[in-house]
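Protein chains: 2
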Amino acid sequence: MKEVIEKLTDALGRSKVLTAPIDLVAYSFDGTFEQRVPDVAVLPESTQDVVTVVKIAAEHGVPIVARGMASGLAGGSIPSAGSIALSLTRMNRILQIDPVDMTATVEAGVIVTDLEAAVAKVGLFYPPDPSSNKQSTIGGNIACNAGGPRCLKYGVTGDYIMGLTVVLANGEVLKTGGRPIKNVVGYDLTSLFVGSEGTLGIITEALVRLVAKPQFVRTALVEFDSLDDASRTVNAILAAGIVPATLELMDETAIACIEEAMKLGLPLDVEAMLIIETDGSDEEAVVREIEAAARICRETGARQVSVAQDEAERARLWRARRSVSPSLARKAPNKLGEDITVPRSAIPEAVRRIKAVSAQYGLPIVVFGHAGDGNLHPNILFDRRDPAQWAAVEQIVGEIFRIALDLEGTLSGEHGIGTFKLPYMVEALGPTSIGVQWHIKRAFDPQNILNPGKVLPQ
Amino acid sequence: MKEVIEKLTDALGRSKVLTAPIDLVAYSFDGTFEQRVPDVAVLPESTQDVVTVVKIAAEHGVPIVARGMASGLAGGSIPSAGSIALSLTRMNRILQIDPVDMTATVEAGVIVTDLEAAVAKVGLFYPPDPSSNKQSTIGGNIACNAGGPRCLKYGVTGDYIMGLTVVLANGEVLKTGGRPIKNVVGYDLTSLFVGSEGTLGIITEALVRLVAKPQFVRTALVEFDSLDDASRTVNAILAAGIVPATLELMDETAIACIEEAMKLGLPLDVEAMLIIETDGSDEEAVVREIEAAARICRETGARQVSVAQDEAERARLWRARRSVSPSLARKAPNKLGEDITVPRSAIPEAVRRIKAVSAQYGLPIVVFGHAGDGNLHPNILFDRRDPAQWAAVEQIVGEIFRIALDLEGTLSGEHGIGTFKLPYMVEALGPTSIGVQWHIKRAFDPQNILNPGKVLPQ
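Chains as they are written, first to last, in the working numbering: chain A, 230 to 687; chain B, 230 to 687.
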């Protein structure tokens with residue numbers, strides 16, 4: 230490793246190669262509890278720098294673990310033992326915004342909200358909105374196929390990636406996709422890298438598709454006595470041809486946590502609340518859409534429907550949803566947020582079974598998430614200093630995954646697999662799929678130096 | 230091969246294995262001029278039948294060329310020498326329609342409009358609408374990632390495929406994806422099979438995502454003196470946040486052909502016409518949207534904007550676009566339709582260069598297509614009995630591809646590569662991409678028995 234570090238320093242210069250323990254700690258963790266200090270952290274400033282790193286690593290068979298801002302929630306960017314942590318954060322330039330063809334060319338380290346703000350200046354919109362978007366990078370978002378509340382209407386990160394520049398395990402630079410919106414020329418390599426968590430290649434640039442910025446938005450907060458009614462409402466709204474930008478669910482435990490922390494005057498005797506938001510460029514159409522959704526809510530048994538009449542009221546309605554995470558932090562020293570998806574119709578059954586697990590293990594589990602996509606975030610509240618609680622959390626995670634799989638759902642909607650969900654991959658996908666994925670992994674990375682030990686179980 | 234045919238017949242029965250020359254002719258062609266008679270045609274009735282065929286083929290190293298209704302336009306389903314033609318047409322059952330979660334599970338041989346009609350009965354909508362949809366199968370549509378006019382708003386076939394059942398080259402059955410709308414669990418195998426034209430595995434079933442059926446539609450036909458104005462209009466409409474279901478372009482040559490054949494009273498002195506269609510579930514919003522689009526057309530220099538006031542008028546407006554193909558057939562004995570895509574802003578330049586090529590070679594080239602996606606179908610009109618014309622056509626095809634690539638476009642938006650575009654693949658994608666694609670191909674099909682000689686150049 231000493232030789233590798235010398236070669237890296239000679240090739241890239243001292244400013245891009247960090248080895249002091251105090252520096253390396255910064256590259257040792259992600260958004261989870263896991264931590265492992267890399268042997269060296271490298272901060273490339275160009276695709277060519279990444280090529281240099283990969284070639285040196287390949288020559289010596291040293292693992293490379295790429296990372297953006299490392300806000301991931303599945304351990305995917307935690308360095309493996311004896312590895313190079315490759316941080317793309319300095320590659321943060323927006324190279325081009327094309328307002329006519331509605332595209333942006335960006336380096337992997339661009340922060341998502343920086344991209345959003347830059348394109349908004351020319352009336353354009355980058356829709357994917359993971360909660361991490363003020364910290365997380367577009368490269369990390371692509372590597373995990375990040376989602377967010379707006380995905381119901383607009384789709385996930387992968388739906389906005391037209392092409393990628395990727396450094397392969399042998400140091401070759403691959404360009405995938407391109408500027409054409411429709412493109413059926415060979416295998417869809419772009420989609421293969423989306424969600425591959427740095428295990429098939431290192432994404433250094435992306436060509437991003439944009440849309441016109443919606444000018445108007447309307448928001449409703451809806452209370453339901455019964456979770457089943459809330460779930461039926463979600464389906465009824467979509468069946469009516471209404472596609473809200475956002476259709477967020479909070480269960481009674483989430484509501485109780487928020488109310489305890491924030492005193493917003495939320496009702497404590499409802500089983501669920503929905504936040505519904507419509508958006509678009511024609512104000513009257515946006516209003517008609519939220520009113521149609523509100524009408525359906527009333528027909529399907531909502532106790533109360535509050536449609537925001539102005540921006541201040543809208544902010545007030547969103548306060549509830551935005552307060553979920555900080556509220557949980559007050560309730561218990563630690564939380565572990567999962568990311569299952571189930572078919573929409575299975576949401577009530579999933580929440581009921583999760584509640585039963587919560588009762589069984591004696592730890593609160595708060596459920597909220599993107600109801601329109603069937604993407605739920607059960608958050609387990611606990612104290613990690615208590616070994617019994619930590620042991621229970623590990624059991625509960627397994628139970629939650631089994632609930633998802635049993636309801637024809639899966640392990641992750643938008644966080645990815647990393648190391649945290651590895652033990653459940655065979656159960657989720659079956660041995661044939663895992664075998665095929667290993668064939669792909671070996672085809673791209675025969676030495677297994679790109680983020681080894683992630684995504685695919687041994 | 231005799232032994233292979235015997236084994237196939239023993240395993241599947243006579244009714245599923247055709248060897249008479251008169252039967253085999255039916256499996257020798259696609260929608261192009263190419264033709265090659267297979268040694269045997271097999272008509273499986275289940276995924277298990279396909280497994281049986283693949284295992285026998287693998288044992289003997291015999292190529293398998295899968296096909297649906299073989300309406301493809303790139304030679305992708307033409308049997309290779311000494312191959313088994315595997316027709317999925319008997320696997321035409323719609324296995325399940327789930328009106329709540331809005332999905333359908335179908336066998337690969339289901340005709341696209343049959344799927345569309347079946348889901349429409351429960352208020353649902355399968356949007357992709359290739360012109361072949363009355364003949365072509367969902368399996369073929371997936372294998373080529375078929376498009377159509379509605380793709381501007383709704384996306385291409387791949388955007389509606391949530392999961393696949395695929396028989397791999399070793400006879401294993403792989404299930405990809407699943408019922409969750411969001412799914413970041415391992416590599417995106419579903420997208421890898423979409424557009425792979427039967428070279429990575431044989432798709433036998435698909436889980437299809439549906440949406441609510443739009444209840445209302447409005448249509449406008451717009452005439453432009455200048456092609457540049459028409460193109461700027463397309464961009465202005467999208468920049469205004471209007472997303473029409475359809476934004477179709479016809480150039481002056483197309484208009485002249487239609488008028489000559491159909492006498493619809495179309496103007497012969499305009500450079501371009503657009504057909505714009507908005508749709509949705511709120512009639513007033515749909516009307517407002519077409520009116521907003523019409524206003525933009527007038528502002529950007531349209532000579533005339535006709536908005537259909539009723540269904541009869543709408544049918545009349547569509548007659549022009551629908552008449553393109555039959556009109557071309559009257560104009561010349563043969564036509565060859567290409568399928569390039571360019572960035573939207575490059576459409577006028579692409580059309581101008583194509584016209585220059587037409588003049589240079591002395592053969593008419595009609596251009597129409599999906600302007601909102603930058604997907605153009607230049608159709609070369611000629612007489613194949615004239616060897617000089619046929620030689621010119623081959624030159625023209627190369628020129629058209631070079632125009633597309635030069636304008637940062639590509640070879641195919643919705644037809645695929647097959648054999649027709651193989652000679653241009655290295656130029657389009659570069660050697661690194663082709664190398665990576667071969668790695669994938671070998672990982673899936675080490676014996677190269679799945680549709681060999683298609684998609685990837687040797």
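Just so it is clear, CB atoms sit at the ideal spot from N, CA and C, and this is done for glycine as well.
Using only alpha-carbon positions, find the residue among B:D252, B:T507, B:L302 and B:E426 that is nearest to R373 of chain B.
Looking up residue 373 of chain B in the second sequence gives position 144. Just to set this straight, residue 373 of chain B is Cys in the shown sequence, not Arg. The shortest C-alpha separation from C373 of chain B is found at B:E426.
Beta-carbon separation of G297 of chain A and G369 of chain A under 8 angstroms?
On the first sequence, residue 297 of chain A is found 68 positions in, with the first residue counted as 1. On the first sequence, residue 369 of chain A is found 140 positions in, with the first residue counted as 1. A contact, by the Cβ cut-off of 8 angstroms.
For the segment 516-539 of chain B, which residues have a CB atom closer than 9 angstroms to at least one CB atom of chain A, in sequence order?
Taking 9 angstroms as the Cβ-Cβ cut-off, the segment 516-539 of chain B approaches chain A at R517, E518 and A521, given in chain order.
So which residues of chain E does R243 of chain B contact, with C-beta pairs closer than 9 angstroms?
Absent from the structure: chain E. Protein chains present are A and B.
Chain B residues whose Cβ lies nearer than 7 angstroms to that of G377 of chain A
As a working note, residue 377 of chain A is residue 148 in the first sequence. The contacting residues do not exist; G377 of chain A stays about 10 angstroms from chain B at best.
Using Cβ-Cβ distances below 8 angstroms, what residues of the segment 393-417 of chain A are close to chain B?
L397, E401, V402, L403, K404, T405, G407, R408, P409, I410, K411, N412, V413, V414, G415, Y416 and D417
What's the C-alpha gap between V348 of chain B and Q444 of chain B?
Within the second sequence, the letter at position 119 stands for residue 348 of chain B. Within the second sequence, the letter at position 215 stands for residue 444 of chain B. Near 14 angstroms, if we compare the C-alpha coordinates of Q444 of chain B and V348 of chain B.
Alpha-carbon to alpha-carbon, R550 of chain B and T332 of chain A
Looking up residue 332 of chain A in the first sequence gives position 103. Looking up residue 550 of chain B in the second sequence gives position 321. T332 of chain A and R550 of chain B: Cα-Cα distance of roughly 29 angstroms.
Closest Cα partner of E506 of chain A within the set A:E481, A:R581 and A:L467:
The residue you call residue 506 of chain A lines up with position 277 of the first sequence. It is A:L467.
Within 10 angstroms of the Cβ of L497 of chain B, are there 16 or more other Cβ atoms? Answer buried if so, exposed if not.
Within the second sequence, numbered from 1, the residue matching residue 497 of chain B stands at position 268. Counting Cβ neighbours within 10 Å, L497 of chain B comes out exposed, since fewer than 16 surround it.
Beta carbon of L253 of chain A, beta carbon of V246 of chain A: below 8 angstroms?
As a working note, residue 253 of chain A is residue 24 in the first sequence. As a working note, residue 246 of chain A is residue 17 in the first sequence. The answer is no: Cβ separation not under 8 angstroms.
Limits of the alpha helix (DSSP H) - the one that N370 of chain B falls within
Within the second sequence, the letter at position 141 stands for residue 370 of chain B. Element bounds for N370 of chain B: I367 to C373.
Nearest to G642 of chain B by CA position, among B:L315, B:V440 and B:G601, is which residue?
Locating residue 642 of chain B in the second sequence gives position 413, where the first residue counts as 1. Closest option to G642 of chain B, Cα to Cα, is B:G601.
Let me confirm a value: P555 of chain A is counted as buried when at least 16 other C-beta atoms fall within 10 Å, else exposed. Which label applies?
Here residue 555 of chain A is taken as the residue at index 326 of the first sequence, counted from 1. Burial call: exposed.
Are there three or more Cβ pairs, one per stretch, closer than 8 angstroms when the segment 431-439 of chain A is compared with the segment 390-405 of chain A?
yes
Since S360 of chain A and G377 of chain A are thought to touch, with beta carbons under 8 angstroms apart, how far apart are those beta carbons, to the nearest angstrom?
Your numbering for residue 360 of chain A matches position 131 in the first sequence. Your numbering for residue 377 of chain A matches position 148 in the first sequence. Going by Cβ atoms, the distance from S360 of chain A to G377 of chain A rounds to 7 angstroms, so yes, they are a contact pair.
Who are F630 of chain B's beta bridge partners in DSSP?
Taking the first residue of the second sequence as position 1, residue 630 of chain B is located at position 401. Looking at the DSSP assignment, F630 of chain B forms no beta bridge with any residue, so it has no partner.
So, does the segment 519-528 of chain A touch the segment 564-582 of chain A, judging by three or more C-beta pairs under 8 angstroms?
no
Of the residues A:D358, A:E628, A:K350 and A:V329, the one placed nearest T342 of chain A, counting alpha carbons only:
As a first step, residue 342 of chain A is located in the first sequence; it is residue number 113 there, counting from the start. Among A:D358, A:E628, A:K350 and A:V329, the Cα nearest to that of T342 of chain A is on A:D358.
Closer than 6 angstroms by C-beta to M640 of chain B: which residues in its own chain qualify, once you throw out the five before and the five after it? Chain order, please.
Within the second sequence, numbered from 1, the residue matching residue 640 of chain B stands at position 411. Note that residue 640 of chain B is Leu in the sequence shown, not Met. Contacts found: F630, K650, Y653 and A657.
Any beta carbon of chain B sitting closer than 8 angstroms to that of L640 of chain A?
The sequence position of residue 640 of chain A within the first sequence is 411, counting from 1. So yes, L640 of chain A belongs to the interface.
Within a Cβ cutoff of 6 angstroms, which residues of the same chain sit near E477 of chain B, ignoring the five residues on either side of it in sequence?
Locating residue 477 of chain B in the second sequence gives position 248, counting from the first residue. Cβ neighbours of E477 of chain B beyond the five flanking positions: P378, I504 and R550.
Going along the segment 600-620 of chain A in order, which residues come within less than 7 angstroms of chain B, judged by CB to CB distance?
D602, G603 and N604
Just curious, the alpha helix (DSSP H) that Q589 of chain A is in, first and last residue?
As a first step, residue 589 of chain A is located in the first sequence; it is residue number 360 there, counting from the start. Counting along the chain, the unbroken alpha helix (DSSP H) around Q589 of chain A starts and ends at I576 to Y590.
Could you run through the segment 655-666 of chain B and flag, in chain order, every residue whose CB is less than 9 angstroms away from some CB of chain A?
Against chain A - using a Cβ distance shorter than 9 angstroms - the residues of the segment 655-666 of chain B are A657, L658, G659, T661, S662, I663, G664, V665 and Q666.
What residue does the alpha helix (DSSP H) around F422 of chain A start on, and which one ends it?
Here residue 422 of chain A refers to the residue found at position 193 of the first sequence. Residues L418 to F422.
Name the chain B residues that come within less than 7 angstroms of E637 of chain A, Cβ to Cβ?
In the first sequence, counting from the first residue as 1, residue 637 of chain A sits at position 408. Result: G407 and R408.
Given that L467 of chain A touches chain B, what residues does it touch there, using C-beta distances under 9 angstroms?
By 1-based counting over the first sequence, the position of residue 467 of chain A is 238. What L467 of chain A touches in chain B: M331, V440 and A441.
What three-state label does DSSP hand L467 of chain A in the structure shown?
Here the question's residue 467 of chain A lines up with position 238 in the first sequence. Helix.
Contact defined as beta carbons within less than 8 angstroms: I believe V213 of chain B pairs with E628 of chain B. What is the distance between those atoms, to the nearest angstrom?
Because chain B is modelled from 230 through 687, residue 213 of chain B falls outside the range shown and cannot be assessed.
What are the residues of the segment 554-577 of chain B that lie near chain A, defined by any Cβ-Cβ distance shorter than 9 angstroms?
D568, I569, T570, V571, P572, R573, S574 and A575
Among B:T318, B:V339 and B:A314, which has the Cα closest to the Cα of L324 of chain B?
One-based indexing of the second sequence puts residue 324 of chain B at position 95. Closest by alpha carbon: B:V339.
Do the CB positions of S316 of chain A and L344 of chain A come within less than 8 angstroms of each other?
The residue labelled residue 316 of chain A in the question sits at position 87 within the first sequence. The residue labelled residue 344 of chain A in the question sits at position 115 within the first sequence. No, these two residues do not count as a Cβ contact at 8 angstroms.
Note down, in chain order, all residues in the segment 495-516 of chain B with a beta-carbon under 8 angstroms from any beta-carbon belonging to chain A.
G509, S510, D511, E513 and A514
Compute the Euclidean distance between the alpha carbons of A423 of chain B and V291 of chain B, then round it to the nearest angstrom.
The residue labelled residue 423 of chain B in the question sits at position 194 within the second sequence. The residue labelled residue 291 of chain B in the question sits at position 62 within the second sequence. It is Val, not Ala, that sits at residue 423 of chain B in the sequence shown. Taking the straight line from one Cα to the other gives about 24 angstroms.
Give me the Cα-Cα distance between A310 of chain A and D674 of chain A, rounded to the nearest whole angstrom.
As a working note, residue 310 of chain A is residue 81 in the first sequence. As a working note, residue 674 of chain A is residue 445 in the first sequence. C-alpha separation (whole angstroms): 18 angstroms.
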